[in-house]
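Going down the list, the sequences are from chains A and B.
Here the first sequence is numbered in numbering that gives the first Met the number 0, starting from 0 and rising by one per residue.
Here the second sequence is numbered in numbering that gives the first Met the number 0, starting from 0 and rising by one per residue.
Even for Gly, the Cβ is constructed at its ideal location relative to N, Cα and C.
Number of protein chains: 2
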Amino acid sequence: MAAHTHTRQNLAELTARLRQRDRRITGPRQLILDVLRREEHPLTAKEIHEQLDCDLATVYRSLRLLEEMAMVKRFDFGDGTARFELLGQNDDGHHHHLVCRECSTVVEIGECFRGNLESRIAQEHGFASVSHRLEFFGICPECQAN
Amino acid sequence: MAAHTHTRQNLAELTARLRQRDRRITGPRQLILDVLRREEHPLTAKEIHEQLDCDLATVYRSLRLLEEMAMVKRFDFGDGTARFELLGQNDDGHHHHLVCRECSTVVEIGECFRGNLESRIAQEHGFASVSHRLEFFGICPECQAN
DNA sequence: TGTCTACCTGCAAATGATTTGCAATAAGGG
DNA sequence: CCCTTATTGCAAATCATTTGCAGGTAGACA
Numbered sequence: 000m001a002a003h004t005h006t007r008q009n010l011a012e013l014t015a016r017l018r019q020r021d022r023r024i025t026g027p028r029q030l031i032l033d034v035l036r037r038e039e040h041p042l043t044a045k046e047i048h049e050q051l052d053c054d055l056a057t058v059y060r061s062l063r064l065l066e067e068m069a070m071v072k073r074f075d076f077g078d079g080t081a082r083f084e085l086l087g088q089n090d091d092g093h094h095h096h097l098v099c100r101e102c103s104t105v106v107e108i109g110e111c112f113r114g115n116l117e118s119r120i121a122q123e124h125g126f127a128s129v130s131h132r133l134e135f136f137g138i139c140p141e142c143q144a145n
Numbered sequence: 000m001a002a003h004t005h006t007r008q009n010l011a012e013l014t015a016r017l018r019q020r021d022r023r024i025t026g027p028r029q030l031i032l033d034v035l036r037r038e039e040h041p042l043t044a045k046e047i048h049e050q051l052d053c054d055l056a057t058v059y060r061s062l063r064l065l066e067e068m069a070m071v072k073r074f075d076f077g078d079g080t081a082r083f084e085l086l087g088q089n090d091d092g093h094h095h096h097l098v099c100r101e102c103s104t105v106v107e108i109g110e111c112f113r114g115n116l117e118s119r120i121a122q123e124h125g126f127a128s129v130s131h132r133l134e135f136f137g138i139c140p141e142c143q144a145n
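Okay, structure coming up:
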């Protein structure tokens, strides 16, 4: 699919979701989605900001809004900095990452243990709407070589 | 086992591990372990500090040292605040938590998926020493009632 | 196309967790 | 008991993220 098609789709979806919440389609919001679409790995707010020409606070505000609208997903690798990935239209973004402890290279892990672990845990402890967060850490091939 | 026995054991272990690194056994370090031993759930640096009478910076420095010495384990629930738990002598502290999204109540989860998932992931991606972090989130029984 | 208004942005300052510089203090081997 | 070196308290610095505010703009409507 050509990039501009992606963009168009993206924009249409953005427009629709923003309308529902009486929010506006602004330059920064479109640009942030563009940046995220270009990257295959989750980006920090700062990394996104470096590719843009708007205020860092605007990036944070936009990311929060886009997250609420389920257009981006926030990941936490435990280094004190949130990372964001673009979500597809029918994608809940549930997947995990394998992160290099040395260079922070990120590999996406499609696999996840069966959901029944989650429901069993919910049942055993009387919790409702249980979700989980799972990330893997290791040393990537390149860092092993060095 | 009586509490003072625990304390004695604790102190002996602390002493031994500190000696190895040419570090000193100080009041704050002993007190932090005491506080952690009294609590069944992971505590934040601030929570530990509230029960003590030393500087917050000292609490952070001590926790970092104790973590390096594998006497406490750091957990990250994704709320931007680290939490710490005491580790037993032959305990690598590998377990997970179920955290209430409302009130932050924490339940410890003993169970963990088979370690072969970890090694399979390592193999597939060429990573070495792969570990993982996994936490569950949900609404606890009490918060469901309210 | 101009108006109006609520939403947005930039900028600067505030927050909250955690770290660090430094001078004063204490642990513990000799 | 002394001396060297680790450790502490205090204040200031960092870092990621948020927020207050005044000026700017998207977009519904006339």
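* To do: Determine the direct distance from the alpha carbon of histidine 94 of chain B to that of glutamate 84 of chain B, and round the result to whole angstroms.
  => 11 angstroms
Exercise for review: Tell me where the alpha helix (DSSP H) around glycine 137 of chain A begins and ends.
Suggested key: Per DSSP, glycine 137 of chain A belongs to no alpha helix (DSSP H); it is in the beta strand (DSSP E), 127-138.
Taking 8 angstroms as the CB-CB cut-off, is proline 140 of chain B touching chain A?
-> yes
Practice item. With a 10 Å radius around its C-beta and 16 neighbouring C-beta atoms as the bar for buried, classify leucine 97 of chain B as buried or exposed. Key: buried
**Item:** Euclidean distance between Cα positions of glycine 87 of chain B and methionine 70 of chain B
**Value:** 7 angstroms
So if I threshold CB-CB distances at 8 angstroms, which residues from the stretch 115-144 of chain B count as touching chain A? Leu116, Glu117, Ile120, Ala121, His124, Gly125, Phe126, Ala127, Ser128, Val129, Ser130, His131, Arg132, Leu133, Glu134, Phe135, Phe136, Gly137, Ile138, Cys139, Pro140, Gln143
**Prompt:** So with Cβ pairs under 8 angstroms, would you call glycine 26 of chain B a contact of chain A?
**Reply:** no
Next on the checklist: Counting C-beta neighbours from all protein chains within 10 Å, is the total for glutamate 67 of chain B 16 or more, i.e. buried, or is it exposed?
Outcome noted: exposed
- Task: State the DSSP-derived secondary structure class of histidine 93 of chain B, mapped to helix, strand or coil.
- Result: coil
Original post:
Does the pairing of the stretch 38-49 of chain A with the stretch 10-23 of chain A give three or more beta-carbon distances under 8 angstroms?
Top reply: no
Worksheet item: Does DSSP put aspartate 75 of chain B in a helix, in a strand, or in coil?
Response: strand
Three CB pairs or more closer than 8 angstroms across the stretch 122-139 of chain B and the stretch 120-137 of chain A: yes
Contact set between aspartate 75 of chain A and chain B, taken where Cβ atoms lie within less than 8 angstroms: Asp75, Gly77
Chain B contacts made by the stretch 56-70 of chain A, where a contact means CB separation under 7 angstroms | none
May I have the straight-line CA-CA distance separating leucine 30 of chain A from cysteine 99 of chain A, to the nearest angstrom? 29 angstroms
Check your understanding: Looking at the C-beta of isoleucine 31 of chain B, does it have a partner C-beta in chain A at a distance below 8 angstroms?
Key -> no
Review point. Tell me, which residues are paired with leucine 85 of chain A by DSSP?
Key: A:Val71
- Message: Can you find the residues in the same chain that come closer than 8 angstroms, C-beta to C-beta, to arginine 132 of chain B, ignoring five residues on each side of it along the sequence?
- Response: Asp75
- Query: Measuring CA to CA, which of B:Cys102, B:Pro27, B:Arg23, B:Gln19 is closest to threonine 57 of chain B?
  - Reply: B:Pro27
Worksheet item: Is the CB of leucine 97 of chain B under 8 angstroms away from at least one CB in chain A?
Response: yes
With a cut-off of 8 angstroms, does the C-beta of valine 106 of chain B fall near any C-beta of chain A?
-> yes
Is DSSP giving leucine 42 of chain A helix, strand or coil here? strand
Which residues in the same chain as isoleucine 108 of chain B place their Cβ atom closer than 8 angstroms to its Cβ, once the five residues preceding and following it in sequence are excluded? His94, His95, His96, Leu97, Phe135
- Tell me the DSSP bridge mates of isoleucine 47 of chain B? Note: isoleucine 47 of chain B sits in no beta bridge, so no partner.
Counting only the same chain and skipping the five closest in sequence on each side, list residues whose C-beta sits under 8 angstroms from that of leucine 64 of chain B. Arg22, Arg28
**Asked** Would the beta-carbon of glutamate 101 of chain B fall within 8 angstroms of that of cysteine 142 of chain B?
**Response** yes
Excluding the five sequence neighbours on either side, which residues of its own chain have a C-beta within less than 6 angstroms of the C-beta of threonine 43 of chain B, listed in chain order? Thr80, Arg82
Take leucine 17 of chain A and list the residues in its own chain whose beta-carbon comes closer than 6 angstroms to its own, dropping the five residues that flank it on each side.
Ile24
Suppose the cutoff is 8 angstroms on Cβ atoms and the five residues either side in sequence are ignored; what does the same chain contact list for tyrosine 59 of chain B look like?
Ala44
- Hey, quick one: how far does the beta strand (DSSP E) through isoleucine 24 of chain A stretch, first residue to last? From DSSP, isoleucine 24 of chain A is part of no beta strand (DSSP E); its letter is neither H nor E.
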